[in-house]
Amino acid sequence: MRLIGSLLIFSLVLSFVLGGSAQNCGSGVVCGERDTGHGTDGGELGKIISREMFEDLLPYRNDARCPARGFYTYDAFIEAAQAFPGFGNSGNETMRKREIAAFFAQTGHETTGLFQFLISLIKFKDSFFRNYNYLRCGEDLGLGEELLNNPDLLATDPVLSFKSAIWFWMTAQPPKPSCHEVIIDEWKPSANDVNAGRLPGYGLTTNIINGGIECGHGGNAAVRNRIGFFTTFCGKFGIQPGDNLDCSNQRPYGLNLMAQSM
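Under mature numbering (1 follows the signal peptide of the UniProt record, and there is no 0), the residues of the sequence shown are numbered -22 to -1, 1 to 240, in order.
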């Protein structure tokens, strides 16, 4: 069940990055000051998202009510991103900023936070979440079967948690392109994509992540929330969000893909 597992890696591993309320680490599960990851100035990616910008995007990172306070830090994020040289480092400066804004905004509508993520991780680790994606992600990250055999690493290693989220963002699930390809304008739609309304832009990343539920049937509150976070974050970066922000008129990739992926 590759598709479902992939969506869980993204929606569960990333949902805690922003959340929806202070109680659940709302707009930022990264709380407290516990040291995770190695100290860094951010390198090239740090020129796009500084430590100050990271904290501005995650305003509740120090909230005492956050169950995971101190776990997800700027240093852990930067260290994880170094495993993906193209992440936030492709195209011109506007494209680079837009990718980081999109990456974080795609979970900004979530309300569950890290605590629910940990519950979900335990719930799903012995079923489909454990199968294809644990193995493929682990292999791609140089862990072999370690992640498959010990999925709790995602709940105990903040760098690995960020790596797995970025891995989903960067990895295509054919016929779906990767979110990375789409947001940096590298992906070009086929005739079938055009007929399905699937055009380059932030809206297609929503389709990739959760299109079967949110796309292709008019207005949707979750989609509006995703767009709201994205436009807000783009504003913080001083850039325009680009075209095709929603997926209301995009045909989802569909249940036929899910069946093929099982």
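Ideal placement from N, C-alpha and C gives every residue a C-beta, glycine not left out.
Keep in mind that this is a model prediction, so the values were computed, not measured.
Alpha carbons only, please: which of the options is nearest the one belonging to residue i?
| i | options | result |
| --- | --- | --- |
| Val172 | Phe208, Asn222, Gly216, Ala200 | Asn222 |
| Ser113 | Leu119, Pro37, Leu126 | For the record, residue 113 in the displayed sequence is Leu; it is not Ser. It is Leu126. |
| Gly48 | Ile26, Ala133, Ala83, Lys214 | Ala133 |
| Asn188 | Lys25, Lys75, Asp224, Phe211 | Asp224 |
| Ile78 | Phe146, His158, Pro152 | His158 |
| Ala80 | Gly232, Asn203, His195 | Asn203 |
| Gly69 | Phe211, Val201, Trp165 | Trp165 |
| Phe216 | Arg76, Gly20, Asn128 | The residue you asked about is not Phe; residue 216 is Gly in the sequence shown. Looking at the Cα atoms, Arg76 is the closest of the given residues. |
Alpha helix (DSSP H) containing residue i: first to last residue?
| i | result |
| --- | --- |
| Asp224 | No alpha helix (DSSP H) holds Asp224; DSSP gives it neither H nor E. |
| Thr210 | 199 to 215 |
| Ile187 | 180 to 192 |
| Ser139 | 136 to 148 |
| Leu177 | From DSSP, Leu177 is part of no alpha helix (DSSP H); its letter is neither H nor E. |
| Arg229 | Unbroken run through Arg229: none, as it is neither H nor E. |
| Tyr52 | 52 to 59 |
| Asn67 | Careful: Asn67 lies outside any alpha helix (DSSP H) and carries neither H nor E. |
For residue i, which residues of its own chain have a beta-carbon under 7 Å away from its beta-carbon, when the five flanking residues on both sides are left out?
| i | result |
| --- | --- |
| Gly197 | Ser226 |
| Tyr52 | Arg29, Phe32 |
| residue 251 | Only positions -22 to 240 of the chain appear in the structure, and residue 251 is not among them; the question remains open. |
| Ala83 | Arg204, Phe207, Phe208, Phe211 |
| Val201 | Thr184, Glu192, Asp224, Cys225, Ser226 |
| Gly220 | Arg76, Gly179, Tyr180 |
Can you find the residues in the same chain that come closer than 6 Å, C-beta to C-beta, to residue i, ignoring five residues on each side of it along the sequence?
| i | result |
| --- | --- |
| Val137 | Gly15, Ala54, Glu57, Ala58 |
| Ser156 | Met148, Thr149, Ala150 |
| Gly190 | Pro230 |
| Gly232 | none |
| Ile27 | Ile78 |
| Gly20 | Ile56 |
So residue i and residue j are supposed to be a Cβ contact under 8 Å. How far apart are they, rounded?
| i | j | result |
| --- | --- | --- |
| Cys193 | Pro230 | 5 Å |
| Tyr180 | Ile162 | Between Ile162 and Tyr180 the Cβ distance is about 12 Å, and since that is not below 8 Å, they are no contact. |
If I measure Cβ to Cβ from residue i and keep anything under 8 Å in the same chain, skipping five residues before and after, which residues do I get?
| i | result |
| --- | --- |
| Glu124 | Gly116, Leu131 |
Examine chain D for any beta-carbon lying closer than 7 Å to the beta-carbon of residue i, and answer yes or no.
| i | result |
| --- | --- |
| Gly48 | The chain inventory of the structure shown lacks chain D, comprising one protein chain alone. |
* Asked: Counting pairs of Cβ atoms below 8 Å between the segment 128 to 146 and the segment 58 to 73, do you hit three or more?
  -> yes
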